[in-house]
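Position one of the sequence shown corresponds to residue 1 (full-length UniProt numbering), numbered consecutively onward.
Here's the structure we're looking at; comments come further down.
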Amino acid sequence: MTGPEPPRPDVDLLVAGAGPAGAATAIRAALAGLSVVVVEPRTTPIDKACGEGIAHSAVAYLTRLGVDLPGRPFHGIRYLDSTHSVDARFTRGPGLGVRRTTLQAALMSRLTALNIPVLPTRVGLITQTPTTVTAAGLTAHYLAAADGLHSPTRRQLGVCAGKPGEVRRGLRQHFSVAPWTDLVEVYWSRLGEAYVTPVADDLVGVAVLTSARGTFDSHLDAFPALKRRLRNARPATAVLGAGPLRQHVRSRTAGRVLLVGDAAGYVDALTGEGIAVALRTSAELVDCIRADRPQDYDAAYRRVSWECRLLTASLLWARNRRLLAPHIVPAAARLPAVYRTIVNRLS
């Protein structure tokens, strides 16, 4: 006797999450000729505490996907501490400061234009056969899990790999003020880092990354130069938080489920490469499922993201060393060519 027939797939790809990683995965898959459904229980546009600076390479990739992305260009990165300042200007074109809600709306518009359904429900229980995966009442050939930093899918699959370490979190707020520079500024102090990203002609976003407890306002006290800049600026949004930032995974593939974006593991927001890495790896994910070789995805993910992950982990290691941390910005100021090379490599 033979067993019951496996369920016939409703779609080629089911995507869990309509954030940047999930939406970009769905768009690329649809452009490649796959049938796609996105599952997203949150009301869009989805906001998130992030730096909101998109690297030039990521802007170019989104443009190729047909995503119309408004924003304010920025032309490099400036590091500052209490006594040093060093600029690294981009050589291949500007990045783009974009409100997270604006980015989300642009991605949703593209999903709509491609007739990709977005179902307002949760993934729920995931079951698999050798050839299909079923979740949210649908059966697909594959599931791309892009459900965020604290991915329920990752937990359900049992691929989390918790490791002890310093817990860092992010807090973000916008201020109504004209940007005072065409760069993203990163202020360093003992408390952590404060990122200032111009996102409109009259608006900047400020994101503080730290392991210290406290409020956004109390954290700003650690950055007196930035606080002076914002003295007469009116807060334009409420404070939004995210974290813990560090997320470890044992594998980014579990059968026919592939993890992408923050769900695939996260080091830190220190180098601002979250969206760029998510886009690069989402392209690899689609290529692997088109080839029907999900087993190749983890290696592909590591191949296209290793440089960013290594740099971020190394910089975070130095940041967490009491004797090394105060020398990060001075070292960049003493070796500006090296600093420019690293920044442009990442962008």
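Cβ atoms here follow ideal geometry from the backbone N, Cα and C, with glycine treated the same way.
Per DSSP, the beta-bridge partners of Pro73 are Leu96. Fewer than three Cβ pairs drawn from the stretch 303-317 and the stretch 50-62 lie within less than 8 Å of each other, which leaves the two stretches out of contact. Judged by DSSP in its simplified three-state form, Leu191 adopts coil rather than helix or strand.
Taken in chain order, the unbroken stretches of beta strand (DSSP E) that lie wholly in the stretch 135-197 and span 3 residues or more are 138-145, 169-176 and 184-188.
In the structure shown, the three-state DSSP call for Asp87 is strand. In this structure, Leu316 keeps its C-beta atom at 7 Å or more from the C-beta atom of Ala140. Following the DSSP letters along the chain, one finds Ala60 inside the alpha helix (DSSP H) bounded by residues His56 to Arg64. When C-beta atoms of the stretch 38-46 are compared with those of the stretch 281-299, fewer than three pairs fall below 8 Å, so the two segments do not count as touching.
As for any alpha helix (DSSP H) of minimum length 4 sitting wholly inside the stretch 219-298, the runs are 224-229 and 274-290, ordered along the chain.
Ranked by how close their Cα comes to the Cα of Ile126, the residues Pro152, Arg228 and Ser218 have Pro152 in first place. Under the three-state reduction of DSSP output, Thr312 falls in the helix class.
Here DSSP, grouped into helix, strand and coil, assigns Ala32 to coil. Spanning the alpha carbons of Thr91 and Leu191 requires a straight line of approximately 31 Å. By DSSP's assignment, Leu14 forms a beta bridge with Val37 and Leu143. In the DSSP assignment, no residue is bridged to Thr121. By a beta-carbon distance limit of 8 Å, Lys48 contacts Ala242. Their separation comes to about 6 Å. Exclusion of the five residues before and after Pro73 leaves Pro94, Gly95, Leu96, Gly97 and Asp182 as the residues of its chain whose Cβ lies within less than 8 Å of its Cβ. Assignment of Ala332 by DSSP, reduced to helix, strand and coil, places it in the helix class.
Distance from the CA atom of Arg340 to the CA atom of Val123, rounded to whole angstroms, is 43 Å. Residue burial is scored here from C-beta neighbours: Gln104 has at least 16 other C-beta atoms within 10 angstroms and is therefore classed as buried. Pairing Gly53 with Gly272 gives a Cβ-Cβ distance under 7 Å.
For Gly205, the beta-bridge partners assigned by DSSP are His174 and Thr197. The way I'd put it, the stretch 106-123 doesn't touch the stretch 252-260; fewer than three beta-carbon pairs between them come closer than 8 Å. The C-alpha of Glu193 lies about 6 Å from the C-alpha of Val208. C-alpha of Asn320 to C-alpha of Gly170: approximately 16 Å in a straight line.
By the neighbour-count criterion, in which a residue is buried when 16 or more other Cβ atoms sit within 10 angstroms of its Cβ, Gly274 is buried.
Around the beta carbon of Ala23, 16 or more other beta carbons sit within 10 angstroms, so the residue counts as buried. Nearest Cα to Ala331 within the set Arg303, Gly158, Val86 and Gly19: Val86. The alpha-carbon of Val343 is positioned some 41 Å away from that of Ala135.
Residues of the same chain with a CB within less than 7 Å of the CB of Gln156, apart from the 5 flanking positions on each side, are Ile126 in chain order.
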